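In what follows, a single structure is set out as structure tokens and then discussed.
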Amino acid sequence: KGHTLAADVPGVKMGGLNSLCAQYMKAVFARAKADLLGEFATIGRRDTHPGQESQETRAGLLAEASVVIRRMKGLKRATVKKV
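Start counting the sequence shown at 1; every next residue gets the next number (the UniProt record's numbering).
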């Protein structure tokens, strides 16, 4: 039996969200922040913020989103398949 909405999946709720919805929001926000880092670098400003503009920061956010989505699907951090 499946669920039509992620909000209908049973589980612990915190702040009105179940864990599946909270994980989804975390993945979306991490991905959005990673995508916006390039925009941040092009906006005129006085000071530079190398920690916020680095490729490592972007890669870390993309990895975080990927790990959360894999966890939502019930997968481990890495999967090996025999070819």
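In this text, a Cβ means the ideal position worked out from N, Cα and C, and glycines have one as well. In this text the structure is predicted, and so the values were computed from the model without any measurement.
Length of the line joining the Cα atoms of residue i and residue j
| i | j | result |
| --- | --- | --- |
| V28 | V80 | 26 Å |
| M72 | Y24 | 8 Å |
| Q55 | K33 | 13 Å |
| K76 | V68 | 10 Å |
Cβ-Cβ distance between residue i and residue j below 8 Å
| i | j | result |
| --- | --- | --- |
| L17 | V9 | no |
Coil, strand or helix - residue i by DSSP
| i | result |
| --- | --- |
| L5 | coil |
| L75 | coil |
| K33 | helix |
| K26 | helix |
Cβ shell of residue i (< 6 Å), same chain only, five flanking positions each side left out
| i | result |
| --- | --- |
| A78 | none |
Nearest neighbour of residue i, chosen from the options [CA to CA]
| i | options | result |
| --- | --- | --- |
| L62 | L37, V83, G15, K13 | L37 |
Cutoff 8 Å; reference residue i; Cβ partners in own chain excluding five residues on either side
| i | result |
| --- | --- |
| A6 | N18, L20, C21, Y24 |
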